[in-house]
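Please read the structure below before turning to the comments.
Residue numbers (UniProt numbering): 1 to 311.
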């Protein structure tokens with residue numbers, strides 16, 4: 001494992017950006033669902049949950065934009081070989097004269113679109129949802145264009161798959177993280193219980209769709225990263241981290257399945273406070289595991305991929 005402070009900073013801010021991106025996606029979806037049910041109304045018992053979704057959405061977009069700005073500075077320091085505090089003179093060169101700078105500009109443009117899409121305090125209608133989806137696509141495509149997938153060339157199948165992987169992982173992790181730690185607890189009152197049950201059900205369905213895409217694209221990325229040599233799993237840091245990520249994903253799937261096929265059906269039958277807390281608590285464990293997945297993904301993206309060892 002690399003112990004260089006600059007590398008660690010890049011990994012940390014990349015992970016922060018991924019978590020913010022995911023939380024924003026999840027919050028925007030829940031904002032849309034709650035807005036459709038008019039939870040924004042002053043008299044609605046779910047208004048607090050809607051307000052939290054709105055704040056998490058706008059806050060996540062701002063944190064993503066900030067993380068991207070820091071990453072550009074760190075990239076300039078890495079590419080120029082100068083101390084971080086002296087990297088300012090290299091930022092413009094990196095931005096205008098390198099492939100990494102072009103990819104960063106696309107990703108940052110996506111984050112700006114997301115800030116604009118989530119800035120309003122109005123209910124999240126179909127138009128803003130579409131605008132946010134476009135911003136998320138741009139942000140994910142920009143990030144994919146500077147990762148390991150870029151080795152296959154611009155607009156390659158690898159880049160398209162990685163873009164889908166980033167979006168799907170963001171949706172899965174986002175509905176779980178934003179839902180478990182912010183929105184569902186705000187719907188915990190008995191008066192808002194019906195909203196909680198419906199939103200939790202929509203979250204579960206959305207997560208299933210996202211998981212299918214995560215697994216399909218993840219397998220593609222893993223096989224590509226291995227370069228046909230399974231021994232890379234044991235012989236490289238990249239391989240070790242890939243195993244850790246796979247274990248975290250598998251464990252998160254177990255907790256997600258526990259909620260979908262056990263806790264959530266029981267909550268629908270009873271609508272009890274105890275079962276509502278069980279759904280939220282199980283989802284919190286899944287959310288913590290997904291945060292671990294984002295950290296592992298960040299380490300992978302800043303490590304030499306397996307196919308490089310095979311020449």
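Even glycine gets a Cβ: it sits at the ideal position worked out from N, Cα and C.
If contacts are defined as beta-carbon pairs under 8 Å, then residue i and residue j qualify, I think. What distance do you get, rounded to the angstrom?
i	j	result
residue 283	residue 179	6 Å
residue 248	residue 292	5 Å
residue 61	residue 31	No, residue 61 and residue 31 are not in contact; Cβ-Cβ is about 12 Å, not under 8 Å.
Whole angstroms is fine: what's the gap from residue i's alpha carbon to residue j's?
i	j	result
residue 47	residue 198	15 Å
residue 312	residue 93	For residue 312 there is no data in the structure shown, the boundaries of the chain being 1 and 311.
residue 316	residue 120	For residue 316 there is no data in the structure shown, the boundaries of the chain being 1 and 311.
residue 267	residue 231	46 Å
residue 84	residue 100	17 Å
residue 103	residue 215	25 Å
residue 72	residue 91	7 Å
residue 66	residue 9	14 Å
residue 251	residue 26	20 Å
residue 165	residue 137	11 Å
residue 236	residue 302	13 Å
residue 45	residue 274	19 Å
residue 108	residue 98	15 Å
residue 172	residue 286	10 Å
residue 77	residue 114	27 Å
residue 19	residue 57	12 Å
residue 105	residue 74	15 Å
residue 41	residue 123	10 Å
residue 245	residue 13	18 Å
residue 4	residue 79	14 Å
residue 15	residue 296	8 Å
residue 189	residue 270	15 Å
residue 318	residue 222	In the structure as shown, the chain begins at 1 and stops at 311. Residue 318 is therefore absent and cannot be evaluated.
residue 207	residue 290	12 Å
Using only CA atoms, which one of the options lies nearest to residue i?
i	options	result
residue 17	70, 127, 75, 30	70
residue 141	209, 21, 6, 185	21
residue 159	115, 225, 237, 81	225
residue 196	50, 12, 81	50
residue 161	143, 292, 260	143
residue 241	106, 168, 32, 294	294
residue 131	97, 111, 4, 205	111
residue 55	118, 11, 34	118
residue 176	239, 15, 29, 6	29
residue 170	211, 52, 262, 188	211
residue 64	126, 31, 139	139
residue 68	208, 11, 297	11
residue 203	259, 37, 247, 223	259
residue 253	238, 227, 209	209
residue 82	182, 227, 6	6
residue 281	43, 31, 181, 305	181
Q: Would you mind listing the alpha helix (DSSP H) stretches within the stretch 124-173 that are 4+ residues and don't spill past its ends, in chain order?
A: The qualifying runs are 126-144.
Q: Jot down the residue ranges of each uninterrupted alpha helix (DSSP H) in the stretch 50-101, minimum 4 residues, whole runs only, in chain order.
A: Those alpha helix (DSSP H) runs which fall completely within the stretch 50-101 and span 4+ residues are 88-97.
(Q) Please give me, in chain order, every unbroken run of the alpha helix (DSSP H) with length at least 4 that falls completely inside the UniProt domain "Copper resistance protein D" (199-300). (A) The UniProt domain "Copper resistance protein D" (199-300) contains these whole alpha helix (DSSP H) runs: 232-235, 237-258, 264-270.
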